[in-house]
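Comments concern the structure below.
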Amino acid sequence: MNPSWHSEDAPDPVEIGALGWLLVILRGVPLAAMLFVGLLVLVAIRLIEKPICGMHRPVTAFLPQFVGRNAFRILGIKLRTTGDLMRERGAVVANHTSWLDIFALNARKRVYFVSKDEVAQWPAIGWLARAAGTVFIERNPRKAREQTKLFEERLRAGHKLLFFPEGTSTDGLRVLPFKTTLFAAFFAPKLRSFMYVQPVTVVFHAPKGQPDRFYGWWGDMDFGPHLLKTLAAWPQGSVELIYHPAVPVAGFADRKELARFCEDQVRNGHYRAVEADQD
Numbered sequence: 058m059n060p061s062w063h064s065e066d067a068p069d070p071v072e073i074g075a076l077g078w079l080l081v082i083l084r085g086v087p088l089a090a091m092l093f094v095g096l097l098v099l100v101a102i103r104l105i106e107k108p109i110c111g112m113h114r115p116v117t118a119f120l121p122q123f124v125g126r127n128a129f130r131i132l133g134i135k136l137r138t139t140g141d142l143m144r145e146r147g148a149v150v151a152n153h154t155s156w157l158d159i160f161a162l163n164a165r166k167r168v169y170f171v172s173k174d175e176v177a178q179w180p181a182i183g184w185l186a187r188a189a190g191t192v193f194i195e196r197n198p199r200k201a202r203e204q205t206k207l208f209e210e211r212l213r214a215g216h217k218l219l220f221f222p223e224g225t226s227t228d229g230l231r232v233l234p235f236k237t238t239l240f241a242a243f244f245a246p247k248l249r250s251f252m253y254v255q256p257v258t259v260v261f262h263a264p265k266g267q268p269d270r271f272y273g274w275w276g277d278m279d280f281g282p283h284l285l286k287t288l289a290a291w292p293q294g295s296v297e298l299i300y301h302p303a304v305p306v307a308g309f310a311d312r313k314e315l316a317r318f319c320e321d322q323v324r325n326g327h328y329r330a331v332e333a334d335q336d
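The sequence shown lines up with residues 58 to 336 when you count with the working numbering.
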């Protein structure tokens with residue numbers, strides 16, 4: 058079974074002109090350099106930080122945020138945010154459009170992503186994810202207790218964990234039903250009493266003259282062409298982050314009720330943002 062979402066319409070063809078290839082170089086080289094240097098600095102600092110601070114990351118936690126903010130400056134994509142960041146301990150849940158979500162969500166808030174275990178084995182991306190403190194999980198019910206314990210350790214250390222409950226990326230034009238599996242860990246006895254969850258809506262606004270799903274990355278789309286298309290765009294579009302109020306897990310009866318509430322918040326925020334964009 059392929060967990061990826063597939064559109065009924067084929068992805069738009071990637072067409073890059075002379076200006077586009079120039080922008081690929083002008084944006085791609087500094088972006089790659091920043092990622093490479095950022096990774097080296099993060100690993101070097103973590104070698105000192107880990108023995109002293111353990112799971113806490115008083116210094117390296119700021120590096121992904123720095124990279125996220127400057128990635129959008131390099132790409133020329135505008136980043137807009139509304140709403141207040143949660144101060145309580147807990148998790149953030151958001152809809153998922155593409156790999157750009159990682160830069161966007163890191164740019165505003167220091168978060169640690171929760172990702173499927175296979176990502177840890179991906180070349181380059183896996184190394185970056187590990188260095189940034191990503192929590193890797195297996196889709197195995199027998200691992201549920203072990204993973205809940207890991208979540209508890211990270212949350213008690215003050216880490217804000219970020220989940221994509223849709224379980225896949227989309228074309229950015231919709232919000233898929235939230236899977237409830239990961240929400241179950243929030244109801245563990247040692248977590249439920251202090252745990253909060255903040256829903257976040259991520260909305261990508263396409264460049265002028267481009268299809269609304271321009272930034273979407275889904276199904277069997279290859280990363281390379283999508284990256285080149287994004288680097289080559291002129292003018293660029295924007296991404297909007299809408300932070301909804303954080304809610305206590307203890308205020309919900311079970312994972313299904315909490316997942317449904319978060320889904321409604323994210324979907325309604327997405328609908329309103331898209332409607333406003335069309336006015």
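All C-beta atoms, glycine included, are put in the ideal place defined by N, C-alpha and C.
Residues of the same chain with a CB within less than 8 Å of the CB of Trp184, apart from the 5 flanking positions on each side, are Leu96 in chain order.
If you ignore the 5 residues before and after Pro87, its C-beta comes within less than 8 Å of the C-beta of Ile131, all in its own chain and listed in chain order.
Taking C-beta separations shorter than 8 Å and ignoring five residues to either side along the sequence, the partners of Pro282 in its chain run Val71, following chain order. Taking 4 residues as the shortest admissible run, the region 192-274 contains the following complete alpha helix (DSSP H) segments, listed from N- to C-terminal end: 201-213, 246-249. One thing to note: Thr227 has its Cβ no nearer than 9 Å to the Cβ of Gly294. His63 counts as exposed, since fewer than 16 other beta carbons sit within 10 angstroms of its beta carbon. With a threshold of 16 other beta carbon atoms within 10 Å, Gln178 falls short and is exposed. For Ala189, there is no enclosing alpha helix (DSSP H), since its DSSP letter is neither H nor E.
Secondary structure remark: continuous alpha helix (DSSP H) runs of at least 4 residues inside the region 72-124, in chain order: 75-110. A residue is called buried when at least 16 other Cβ atoms come within 10 angstroms of its Cβ; Ala118 meets this threshold and is buried. For the region 143-186, the continuous alpha helix (DSSP H) assignments of 4+ residues that do not extend past its boundaries occur at 157-165, in sequence order. With three or more CB-CB distances shorter than 8 Å, the region 199-215 counts as touching the region 101-121.
Linking Leu104 to Gly266 through their CA atoms gives a straight-line distance of about 47 Å.
The beta carbon of Tyr169 sits closer than 8 Å to the beta carbons of Ala189, Gly190, Thr191, Val192, Arg211, His216, Lys217, Leu218, Leu219 from its chain, once the five residues preceding and following it are set aside; these are given in chain order.
Here Arg146 has Leu212, Phe251 as same chain residues with Cβ atoms under 6 Å from its own Cβ, once five neighbours each way along the sequence are excluded. Sixteen is the threshold: since fewer than 16 other Cβ atoms of the shown chains lie within 10 Å of the Cβ of Arg199, the residue is exposed. The bridge partners DSSP lists for Pro70 come to none.
Put simply, the backbone Cα of Arg249 is about 12 Å away from that of Leu315. Close CB contacts of Met278 within its chain, under the 8 Å cut and outside five residues either way in sequence, are with Pro68 (chain order). About 5 Å separates the beta carbon of Thr258 from that of Val323, a gap short enough to meet the 8 Å contact definition. For the pair Lys247 and Arg167, the Cα-to-Cα distance works out to about 23 Å.
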